[in-house]
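**Q**
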Amino acid sequence: MQPQHDGARLTSMCNFLHLAVYKGLKVEVMAQLPEQHAAATDSQATGAFIVNLQEKEFEVSETGILKHGQCNIHEVTAGRNTVLHVAAERGHHELIQELYLRFRDQGVLSRRNSALDTPLHCAARAGHVSAVTILAQVARDCGESTLLGWKNEAGDTALHLAARHGHGAAVEVLVSEAAESAAELNNAGVSALYLAVISRSEQAVRAIMACRDVSSAGPSSQNALHAAVFQSSEMVSLLLNWRPALVDQVDCNGSSPVHFAASDGDSTIVQAILRATPPRTLYKKDSAGLSALHVAARMDHSAIVADMVNSCLDAAELRDDNGRTFVHTAAREKRSKVVSLATSNPFLHGLLDTQDKDGNTPLHLAVAAGAPGVVEELLRKGKVRADVLNNDGHTAFDLAVGSTNFFTLVSLVVTLVAYGATLGPQRQDHLNRWSGSDTARQGIEKTSDSLAVVAVLIATSALAAGFNLPGGYSDSTGKAILSRKVTFKCFLFLDALAVATSVVVVVLLVYGKASRSAGSWKSFVVALHCMWVSLVSLLLAFYAALAAVLSSKAGYFYLQLAIYFVISFLSQFIVKWIGPDTTLRTVWRFLCQHKRLKGQRHAIRRQYPLARTIVCNLILFEFTSFLAIVGLIFIFGVSQWER
Numbered sequence: 316m317q318p319q320h321d322g323a324r325l326t327s328m329c330n331f332l333h334l335a336v337y338k339g340l341k342v343e344v345m346a347q348l349p350e351q352h353a354a355a356t357d358s359q360a361t362g363a364f365i366v367n368l369q370e371k372e373f374e375v376s377e378t379g380i381l382k383h384g385q386c387n388i389h390e391v392t393a394g395r396n397t398v399l400h401v402a403a404e405r406g407h408h409e410l411i412q413e414l415y416l417r418f419r420d421q422g423v424l425s426r427r428n429s430a431l432d433t434p435l436h437c438a439a440r441a442g443h444v445s446a447v448t449i450l451a452q453v454a455r456d457c458g459e460s461t462l463l464g465w466k467n468e469a470g471d472t473a474l475h476l477a478a479r480h481g482h483g484a485a486v487e488v489l490v491s492e493a494a495e496s497a498a499e500l501n502n503a504g505v506s507a508l509y510l511a512v513i514s515r516s517e518q519a520v521r522a523i524m525a526c527r528d529v530s531s532a533g534p535s536s537q538n539a540l541h542a543a544v545f546q547s548s549e550m551v552s553l554l555l556n557w558r559p560a561l562v563d564q565v566d567c568n569g570s571s572p573v574h575f576a577a578s579d580g581d582s583t584i585v586q587a588i589l590r591a592t593p594p595r596t597l598y599k600k601d602s603a604g605l606s607a608l609h610v611a612a613r614m615d616h617s618a619i620v621a622d623m624v625n626s627c628l629d630a631a632e633l634r635d636d637n638g639r640t641f642v643h644t645a646a647r648e649k650r651s652k653v654v655s656l657a658t659s660n661p662f663l664h665g666l667l668d669t670q671d672k673d674g675n676t677p678l679h680l681a682v683a684a685g686a687p688g689v690v691e692e693l694l695r696k697g698k699v700r701a702d703v704l705n706n707d708g709h710t711a712f713d714l715a716v717g718s719t720n721f722f723t724l725v726s727l728v729v730t731l732v733a734y735g736a737t738l739g740p741q742r743q744d745h746l747n748r749w750s751g752s753d754t755a756r757q758g759i760e761k762t763s764d765s766l767a768v769v770a771v772l773i774a775t776s777a778l779a780a781g782f783n784l785p786g787g788y789s790d791s792t793g794k795a796i797l798s799r800k801v802t803f804k805c806f807l808f809l810d811a812l813a814v815a816t817s818v819v820v821v822v823l824l825v826y827g828k829a830s831r832s833a834g835s836w837k838s839f840v841v842a843l844h845c846m847w848v849s850l851v852s853l854l855l856a857f858y859a860a861l862a863a864v865l866s867s868k869a870g871y872f873y874l875q876l877a878i879y880f881v882i883s884f885l886s887q888f889i890v891k892w893i894g895p896d897t898t899l900r901t902v903w904r905f906l907c908q909h910k911r912l913k914g915q916r917h918a919i920r921r922q923y924p925l926a927r928t929i930v931c932n933l934i935l936f937e938f939t940s941f942l943a944i945v946g947l948i949f950i951f952g953v954s955q956w957e958r
């Protein structure tokens with residue numbers, strides 16, 4: 316590091332000089348920085364006058380800017396930037412040349428600011444090619460070519476700064492003058508090439524790669540190819556054509572660039588790597604024992620998994636430290652697309668029943684992870700064996716009891732039973748009960764309070780509607796004016812049904828919460844059905860009332876559409892929310908298969924008593940929704956007939 320000038324000589328730069336340098340006003344700057352300081356008597360000729368402030372001489376220019384009476388080249392800003400720093404940052408190359416020619420003996424090129432930046436650092440950071448060229452040339456001409464490799468406080472050379480900001484033209488100038496900087500690392504252990512890749516400047520990357528001695532190092536023992544896989548396939552191909560060995564280098568976690576590319580999911584980049592490297596590249600594992608194929612499966616990048624398998628067929632047999640293939644990884648992470656790829660590729664069918672070091676198949680891991688979609692994919696398309704025992708003597712069905720979510724548990728049981736999965740042989744009095752039953756019971760208790768409030772509101776609304784009949788009352792008889800209309804009678808029936816069912820809901824919920832018995836969930840389920848009936852009845856009653864009094868056909872037609880979509884949306888949303896996460900085909904197989912499981916049927920009912928009940932109740936719910944749609948169509952047809 317060059318020694319700094321004596322601190323006594325460093326004075327604060329005046330605003331006039333700073334502004335003139337910032338704007339590149341060469342004449343004004345040179346006038347303020349004479350080779351020999353001019354006498355103050357010349358101030359009258361320049362249209363300025365002298366003031367005395369704390370025994371120091373200052374001038375006030377015609378523009379009102381306070382400036383020193385005599386400026387010098389050693390004045391600095393608050394960040395210790397000299398005049399040359401400011402000019403370099405702004406790219407005023409003519410001013411830089413003029414300043415150097417006049418003050419070359421003052422060491423202006425080697426002056427540093429508070430961040431230890433030289434003027435060359437400032438020009439390179441800003442990407443001013445002309446300024447970089449001038450500074451590099453004068454440094455070489457005056458015998459200070461080592462200045463091109465000086466580092467600032469962060470350990471960055473000028474080449475690092477130009478590369479970081481993607482200034483390709485500035486990088487070309489710097490490597491032509493000081494190619495050795497391409498091998499330098501900053502304090503973070505990062506090379507200029509790595510920074511150029513991050514900046515996505517192919518011009519900068521090509522310029523640096525043209526040097527004889529180039530470092531590609533990055534943070535955490537990465538190289539430039541690790542960064543390139545997140546940029547573009549062109550950048551990847553550029554680096555691989557330059558130095559193919561980069562693909563085999565790993566970071567501090569043992570991850571190669573292929574691991575990075577597999578995790579990101581850009582198939583074009585993975586294909587670029589596979590085209591330029593031998594198949595053995597896919598065999599490399601990280602410190603956790605995962606190959607790039609495992610990483611792609613973990614992230615559900617099925618297209619990349621397919622590319623890797625097609626590129627190197629035996630790579631599919633790679634196992635991690637736990638003896639798991641990529642299918643195990645996909646099943647454990649609930650990655651249905653990758654599992655679907657494995658089940659649809661005959662070449663990969665041998666992996667579907669493979670056991671890891673614990674004896675678990677992908678089906679075991681999918682059940683343990685609570686992934687009914689993956690379980691269905693393996694059983695329906697993969698035709699995997701569901702009776703395989705792991706090292707603990709458990710089948711995949713035995714692991715379903717560990718699910719913490721009730722609805723996930725039901726989905727797993729429905730799917731496993733539908734495709735003939737069996738429980739492991741064990742004493743029935745030693746069966747493990749579902750661990751989430753207490754949580755489900757607490758959920759029922761909390762929900763009961765909210766449902767009771769809703770039921771009371773429905774009953775109140777329905778009762779109010781019953782006392783305020785559509786069409787009003789006859790003044791002579793006191794009877795309802797529309798009493799002979801069928802739509803009016805439909806309104807009365809539906810309104811009464813809404814009141815009755817909402818009252819039943821309140822009674823059942825109060826009873827269930829007060830009893831706290833093991834069968835209180837039954838009253839809760841019945842209350843849910845009654846709640847749905849009351850809601851739908853209130854909607855249909857509202858529609859029937861409007862159909863009885865409206866004369867515009869368009870009005871009640873659009874109303875009918877609105878109610879239809881509301882009922883359909885709510886019913887489908889509820890089924891999707893609480894129903895089994897399986898296809899209708901699987902649900903139907905469950906209902907049929909349940910009767911055929913002779914020895915297993917009782918064991919399944921003991922361990923999972925609510926599974927069949929939930930499915931049956933969902934079917935009943937769908938049937939109720941269907942009746943609501945039929946009632947809606949009926950009311951619409953009657954209203955048309957009455958008109």
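Residues 316 to 958 in our numbering are what the sequence shown lists, from first letter to last.
All residues carry an ideal CB built from backbone N, CA and C; glycine is no exception.
#1: Ignoring anything shorter than 4 residues or poking outside the segment 539-621, list the alpha helix (DSSP H) runs there in chain order.
#2: I'd like the ranges of any alpha helix (DSSP H) spanning at least 4 consecutive residues and lying wholly in the segment 822-902.
#3: Please say whether T592 and V551 have beta carbons closer to each other than 7 Å?
#4: Enumerate, from N- to C-terminal direction, the unbroken alpha helix (DSSP H) stretches of 4 or more residues contained entirely within the segment 374-450.
#5: Identify which residue in M623, R927 and V881 has its Cα closest to the Cα of T730.
#6: Does the separation of the CB atoms of L605 and R647 fall below 7 Å?
#7: With DSSP as the reference, label S327 as helix, strand or coil.
#8: Can you check which of these residues, L348, A403, A767 and L431, is closest to V444 by C-alpha distance?
#9: For the alpha helix (DSSP H) containing S496, list its first residue and its last residue.
#10: Classify Y873: buried if its beta carbon has 16 or more other beta carbons within 10 angstroms, exposed otherwise.
#11: Taking the alpha carbon of A859 as the point to measure from, which residue in G786, D671 and C567 has its own alpha carbon closest?
#12: What residues in its chain sit with their C-beta under 6 Å from that of I380, if we drop five residues either side in the sequence?
#13: Which residues in the same chain as P559 place their Cβ atom closer than 8 Å to its Cβ, once the five residues preceding and following it in sequence are excluded?
#14: Return yes when the Cβ of A862 is within less than 7 Å of the Cβ of I934, no when it is not.
#15: Identify whether S506 lies in helix, strand or coil by the three-state DSSP scheme.
#16: With DSSP collapsed to three states, give me the class of A353.
#17: I want to know whether the segment 793-810 touches the segment 839-848 - three or more CB-CB distances under 8 Å.
#18: Report all residues from its chain with a CB closer than 6 Å to the CB of A780; omit the five preceding and five following residues, and keep chain order.
#19: Under a Cβ-count criterion, where at least 16 other Cβ atoms within 10 Å of its own Cβ denotes burial, should W956 be classed as buried or exposed?
#20: So what's A532 in DSSP terms, helix, strand or just coil?
#21: Between R634 and the rest of its own chain, which residues show a CB-CB distance below 7 Å, the 5 nearest in sequence each way excluded?
#22: Out of L431, T326, R395 and G406, state which residue places its alpha-carbon closest to the alpha-carbon of V336.
#23: Considering L666, what are the terminal residues of the alpha helix (DSSP H) in which it resides?
#24: Of the residues L450, V654, A346 and K672, which one's Cα is nearest the Cα of V699?
#25: Where does the unbroken alpha helix (DSSP H) through Q347 begin, and where does it stop?
#26: Measuring alpha carbon to alpha carbon, tell me which residue in V423, H480 and L694 is nearest R395.
#27: Grab me the residues of Y923's own chain with a C-beta within less than 6 Å of its C-beta, minus the 5 sequence neighbours each way, in chain order.
#28: Could you tell me if H408 is buried or exposed, where buried requires 16 or more neighbouring beta carbons within 10 angstroms of its beta carbon?
#29: Contact check, V512 vs A539 under 8 Å by CB: the rounded distance?
#30: Could you check which residue in S491, C627, G688 and G339 has the C-alpha nearest to that of L724?
#31: Starting from E517 and walking both ways along the alpha helix (DSSP H), at which residues does that stretch end?
#32: Could you give the C-beta distance for A478 and I523, rounded to a whole number, given that I count them as a contact under 8 Å?
#33: Give the DSSP-derived three-state secondary structure of T658 in the structure shown.
#34: Please work out which residues of its chain come closer than 7 Å, Cβ to Cβ, to D286, disregarding the five sequence neighbours upstream and downstream, and give them in chain order.
#35: How many whole angstroms separate the CB atoms of A498 and V520, which I take to be in contact at a CB cut-off of 8 Å?
**A** Reading it off the structure:
#1: 539-543, 548-557, 572-579, 582-591 and 607-613
#2: 835-864 and 868-893
#3: With respect to T592, V551 sits apart: the two C-beta atoms are not nearer than 7 Å.
#4: 398-405, 408-418 and 434-441
#5: For the residues M623, R927 and V881, the minimum Cα distance to T730 belongs to R927.
#6: In this structure, R647 does not lie closer than 7 Å to L605 by Cβ.
#7: strand
#8: A403
#9: No alpha helix (DSSP H) holds S496; DSSP gives it neither H nor E.
#10: exposed
#11: G786
#12: No answer about I380 holds up, because its pLDDT of 45 lies below 50 and its placement is not dependable.
#13: A591 and T592
#14: Cβ atoms of I934 and A862: not closer than 7 Å.
#15: strand
#16: Legend: pLDDT at A353 = 35, less than 50; position of this residue unreliable, no value from coordinates given.
#17: Cβ pair count under 8 Å is below three, so no.
#18: D810
#19: exposed
#20: strand
#21: T640
#22: The shortest C-alpha to C-alpha distance from V336 to any of L431, T326, R395 and G406 is the one to G406.
#23: Unbroken run through L666: none, as it is neither H nor E.
#24: V654
#25: Run containing Q347: K341 to Q347, per the alpha helix (DSSP H) assignment.
#26: Ranking V423, H480 and L694 by Cα distance to R395 puts V423 first.
#27: V728
#28: buried
#29: 5 Å
#30: G688
#31: E517 to M524
#32: 7 Å
#33: Three-state DSSP puts T658 in a helix.
#34: For residue 286 there is no data in the structure shown, the boundaries of the chain being 316 and 958.
#35: At roughly 15 Å, the Cβ-Cβ gap does not stay under 8 Å, so A498 and V520 are not in contact.
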